[in-house]
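Contents: one structure, followed by commentary.
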Amino acid sequence: MNPSEVVREAGFPCFVRASCLKPFDRLDRGADSFGDVTVSGEAGLVGGFRRGRAIAGSVLCLGVLAGCGSGGDGGGGDDPSPTASEESSVAGKVIVLDPGHNGGNASHPDEINKQVDVGNGRKACDTSGTNTADGFGEHAFTWDLSNRLAKVLRDRGAEVTLTRENDTGVGPCITERAAFGKRVGADAALSIHGDGAAEFGHGFHVIAPLPVEGNREIVDDSLRLGRDIRDAYRSGTGIPYSTYIGENGLDQRDDLGGLNLATVPKVFIECGNMQNPGDAEKMSSTSFRQRMADSLAKGLERYFGQPSTGPT
1232 MNPSEVVREA GFPCFVRASC LKPFDRLDRG ADSFGDVTVS GEAGLVGGFR
1282 RGRAIAGSVL CLGVLAGCGS GGDGGGGDDP SPTASEESSV AGKVIVLDPG
1332 HNGGNASHPD EINKQVDVGN GRKACDTSGT NTADGFGEHA FTWDLSNRLA
1382 KVLRDRGAEV TLTRENDTGV GPCITERAAF GKRVGADAAL SIHGDGAAEF
1432 GHGFHVIAPL PVEGNREIVD DSLRLGRDIR DAYRSGTGIP YSTYIGENGL
1482 DQRDDLGGLN LATVPKVFIE CGNMQNPGDA EKMSSTSFRQ RMADSLAKGL
1532 ERYFGQPSTG PT
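Pasting the structure below:
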């Protein structure tokens, strides 16, 4: 007899999800204990219920509900993702996701190479990005990952805007990407990239802004955002900190227009080195990109929900 049959046999109106009964899937094998009540296999449990349905049924139902929480969709005890009855810290937040580069950039060099003001100098409007040895482009990687992350965040109640509408266009320029946060009243922004370093280097790093004229008010919060993103991404994906740049997976720069011109807390993440075979294999995997998206979502939840406690 399985646990759900035991509940019905008890004659007690306990309505629980089948998944909530998993902790009791051993009740039909040998002697087991449930709280302070010890039962001996199926016969002992059912016999006990027949002798005292109301009390035993109450004990079982309360135990099941305690093991599963007080309702909602629930989940494994080790999964920190919010349930239906526990609102995510990103709910109601406005978040900008910036998928690096674009699929049409390489074929429009005149447009993307025009110089724009980045706050402390001038740089090209945009670039075409890098790719793996097998030809998987950074623009395609960032587009796919950004959309995966957007779905996770929207499912948890966030309002998400992407800085580009497709993966076949040109740009937008880094100045326009930086302006998105202010335009939509964002609470935070994340620019998603894949690095193109020498192939012997591997790992990921997060880039936070250094103070320049115009972004000083968001530097501290951006650094906290960067730490939370870093910690969650490292924990969730297992990808190590970069071996070739930054310190403990963090770098700070004042030469990126997307950070120099930002008016809301913002960081870049280089999710791995696309020139490195090991990193490239992970970044080319659809299932691993979903793992990346889930990890980044947890980093944003951490940022909005509690202060960072990771190493600096």
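Just remember that my numbering sits 1231 ahead of the position in the sequence shown, which is counted from 1.
All C-beta atoms, glycine included, are put in the ideal place defined by N, C-alpha and C.
Less than 8 Å separates the beta-carbon of Val-1495 from that of Ala-1420. Lys-1345 counts as exposed, since fewer than 16 other beta carbons sit within 10 angstroms of its beta carbon. Positions of the alpha helix (DSSP H) runs, each at least 4 residues long and wholly inside the segment 1432 to 1505, are given as 1450 to 1468 and 1488 to 1491 in order along the chain.
For Gln-1537, there is no enclosing alpha helix (DSSP H), since its DSSP letter is neither H nor E. Where Lys-1513 is concerned, there is no enclosing beta strand (DSSP E), although the alpha helix (DSSP H) around it starts and stops at 1508 to 1514.
Within the same chain, no Cβ atom closer than 6 Å to the Cβ of Ser-1338 is found once the five residues on either side in sequence are excluded. Assignment of Pro-1340 by DSSP, reduced to helix, strand and coil, places it in the helix class. Collapsing the DSSP output to three states places Lys-1324 in coil. The bridge partners DSSP lists for Glu-1390 are Val-1325. Only buried fits Asp-1459, as 16 or more other CB atoms lie within 10 angstroms of its CB. Every unbroken stretch of the alpha helix (DSSP H) spanning 4 or more residues and falling wholly within the segment 1353 to 1392 is given here in chain order: 1369 to 1386. By the CB criterion at 8 Å, Ile-1423 and Arg-1484 fall outside the cutoff.
CA-to-CA, the gap between Phe-1499 and Cys-1404 works out to about 16 Å.
Between the segment 1438 to 1452 and the segment 1502 to 1522, the count of Cβ pairs shorter than 8 Å is below three; the stretches do not touch. By the CB criterion at 8 Å, Asn-1491 and Val-1327 fall outside the cutoff.
Excluding sequence positions up to five before and after Arg-1379, its CB lies within less than 7 Å of the CB of Arg-1520, Gln-1521 and Ala-1524, all in the same chain and listed in chain order. By a beta-carbon distance limit of 8 Å, Phe-1431 does not contact Tyr-1464. Their separation comes to about 22 Å.
Annotation for Pro-1440: Asn-1446, Val-1450, Ser-1453 and Leu-1490 place their beta carbon closer than 6 Å to its own, counting only its chain and skipping 5 residues before and after. Between Asn-1333 and His-1370, the gap from beta carbon to beta carbon is short of 8 Å. Cβ contact annotation for Gly-1335 (same chain, cutoff 7 Å, sequence separation greater than five): Thr-1399, Gly-1400 and Val-1401, in chain order.
Secondary structure at Gly-1530: helix, using DSSP grouped into helix, strand and coil. Counting along the chain, the unbroken alpha helix (DSSP H) around Ala-1409 starts and ends at 1405 to 1415.
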